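Here is the structure we will look at.
Protein chains: 2
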Amino acid sequence: MKLTQGADYGMAAVLYLSQKSEDRRYSLDEISRATEIPEEFLRKIFQTLVKSGVINSFKGRGGGVSLARSAKDITVAEVIKPLEEEMGLVRCLREKEDCPRSSECMASNFWRKTQQNFFEILNSTTIKDLIEGGKQNARKD
Amino acid sequence: MKLTQGADYGMAAVLYLSQKSEDRRYSLDEISRATEIPEEFLRKIFQTLVKSGVINSFKGRGGGVSLARSAKDITVAEVIKPLEEEMGLVRCLREKEDCPRSSECMASNFWRKTQQNFFEILNSTTIKDLIEGGKQNARKD
DNA sequence: TTATAATAAGACTAAATCAGTCCAATTAAG
DNA sequence: CTTAATTGGACTGATTTAGTCTTATTATAA
Ligand code: FES
Ligand code: FES
Numbered sequence: 005m006k007l008t009q010g011a012d013y014g015m016a017a018v019l020y021l022s023q024k025s026e027d028r029r030y031s032l033d034e035i036s037r038a039t040e041i042p043e044e045f046l047r048k049i050f051q052t053l054v055k056s057g058v059i060n061s062f063k064g065r066g067g068g069v070s071l072a073r074s075a076k077d078i079t080v081a082e083v084i085k086p087l088e089e090e091m092g093l094v095r096c097l098r099e100k101e102d103c104p105r106s107s108e109c110m111a112s113n114f115w116r117k118t119q120q121n122f123f124e125i126l127n128s129t130t131i132k133d134l135i136e137g138g139k140q141n142a143r144k145d
Numbered sequence: 005m006k007l008t009q010g011a012d013y014g015m016a017a018v019l020y021l022s023q024k025s026e027d028r029r030y031s032l033d034e035i036s037r038a039t040e041i042p043e044e045f046l047r048k049i050f051q052t053l054v055k056s057g058v059i060n061s062f063k064g065r066g067g068g069v070s071l072a073r074s075a076k077d078i079t080v081a082e083v084i085k086p087l088e089e090e091m092g093l094v095r096c097l098r099e100k101e102d103c104p105r106s107s108e109c110m111a112s113n114f115w116r117k118t119q120q121n122f123f124e125i126l127n128s129t130t131i132k133d134l135i136e137g138g139k140q141n142a143r144k145d
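See below:
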C-alpha cells in the first residue's frame, strides 16, 4: 500500500512551486535540480498535472511551469489522483476487475467507506494547509 | 494505491472461516475451492497468518486451519498488516528509504496523520463487525 | 529568419514487485 | 507404514513502476 513515486514527486514539485513567487515561470531544469527529482521523470509528471489543470506550462524560450491556481485553491487530492492511476484499495473497488466472490463479499462495504474517508481528507486539505501547517497537519482535530 | 492481492485474499479467507463453525479444521483444499483462491497461494497466506497468530494450523491427516481467536477478537488490521509488507504511503513514512528532501518536507506530517487515521479504522473494526455490518460498515457514523 | 531554449508526446527499457507455482521435508492420524 | 495434510523456501512469469530517449513543437530574441 504505497502511493507511486510519481505522486510523491508530484507533491514535492507542487510544494516547491507553492513556496516560490507565483509570478514567474520555473524551468524543469531548475525544479529538478532543487528537488532532486530526475528531470525527464518530472517532465512526465508535469504533463499529467497540466492536463488535469493544476499546472500551467509555457513552451519556448523563457518558458517553464507555474501553478494554475494559488496554493490555497489546490487540494492534495487534485495533485495525487491524476498521478495515481489505480485508486481502488481492493478488488471490490476497482471497476474493470471482477471478483468471483463479490456477491457474498462482506468486506466491500467496509473498504468503500474506509477509502472514501481517506479521500475526504485529501479533498479537504489544500497545499496551503500543508505549508502553513508545517508540523501540525491532517484533520482539524 | 492498492493493497496486495495477498491481503485481499487473506481477508476473504478469514471471512470464510469466520462464517463457518469454529470447532472444525478446514483444509486448504476446501477453502481454496470455496473461495476460488489458488491453493498454493492461499497456503502462503495462511503461513503468514499463522506466524502472526491469527490462524492456527494442524499438520497431518485431519489437519487444516482454523481461527486462533473468535471473529470478534480479530481486527482487520491484524489480517492486513502482516500480509502487506510495505505499509508506508509515501517515502517519508518508509523507514529504510531516505529522501533528499526530508528536511524541508512539508508533506510528511500530513501523510503520517492521514495514514494513522486509516490504521485506526482498521484497528477498530473486527471481522465480526464486517460480518454483522454486512452492508453497513466502516466507522460508527 | 534563424538559433536557441524551452515543453509535448509517446515509444522504449531496466528494475522491482507481485502473484503464483513447485518441490522436498515434516508431521500427525489411522 | 501409508496417507493426508501443512511448512519452508526456492523458483518463475507477468505486470507495474520508474525512468530514459527521441522526435516534434512552440516561443523568444538576436
Ligand atoms: S473481495 Fe471480491 S468483491 Fe470483495
Ligand atoms: S517527500 Fe521526502 S521526506 Fe517527504
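Note that the protein sequences, when read in sequence, are chains A and B. Just remember that the working numbering sits 4 ahead of the position in the first sequence, which is counted from 1. Just remember that the working numbering sits 4 ahead of the position in the second sequence, which is counted from 1. For each residue, glycine too, the CB sits at the ideal point set by N, CA and C. In this text, all values refer to a predicted model and were calculated from it rather than measured experimentally.
Using a C-beta cutoff of 8 angstroms, does residue i count as contacting chain A?
| i | result |
| --- | --- |
| Ile35 of chain B | no |
| Ile135 of chain B | yes |
| Leu46 of chain B | no |
| Glu124 of chain B | no |
| Asn127 of chain B | no |
| Lys76 of chain B | no |
| Glu99 of chain B | no |
| Phe114 of chain B | yes |
| Ala111 of chain B | yes |
| Glu43 of chain B | no |
| Asn82 of chain B | A small fix is needed here, since residue 82 of chain B is Glu in this sequence, not Asn. It does not; no Cβ of chain A falls within 8 angstroms. |
| Thr39 of chain B | yes |
| Thr118 of chain B | yes |
Identify every residue that forms a DSSP beta bridge with residue i.
| i | result |
| --- | --- |
| Ile59 of chain B | B:Leu71 |
| Tyr30 of chain B | B:Val69 |
Can you tell me whether DSSP reads residue i as helix, strand or coil?
| i | result |
| --- | --- |
| Thr79 of chain B | strand |
| Thr130 of chain A | strand |
| Ser36 of chain B | helix |
| Ile94 of chain B | The residue asked about is misnamed: residue 94 of chain B is Val in this sequence, not Ile. The answer is coil: DSSP assigns Val94 of chain B none of H, G, I, E or B. |
| Pro86 of chain B | helix |
| Glu43 of chain B | helix |
| Thr8 of chain A | coil |
| Met110 of chain A | coil |
| Gly64 of chain A | coil |
| Lys48 of chain B | helix |
| Glu99 of chain B | coil |
| Lys24 of chain A | coil |
| Arg116 of chain A | helix |
Quick one: is residue i near chain B, going by C-beta distance under 8 angstroms?
| i | result |
| --- | --- |
| Arg105 of chain A | yes |
| Glu90 of chain A | yes |
| Thr130 of chain A | no |
| Lys139 of chain A | Only weak support is given to the placement of Lys139 of chain A: the predicted model assigns it a pLDDT of 48, under 50, and the value that follows is read from those uncertain coordinates. Yes - at least one Cβ of chain B is within 8 angstroms of the one on Lys139 of chain A. |
| Arg95 of chain A | yes |
| Glu26 of chain A | no |
Any heavy atom of ligand 4 closer than 7 angstroms to the CB of residue i?
| i | result |
| --- | --- |
| Ala11 of chain B | Judged by which ligands are present, ligand 4 is missing from the structure shown, whose ligands are ligand 1 and ligand 2. |
Under 7 angstroms (Cβ pairs) to chain A, residues found in the region 52-63 of chain B: none
Against chain B: residues of the region 7-21 of chain A by CB proximity under 7 angstroms: Leu7, Asp12, Met15, Ala16, Leu19
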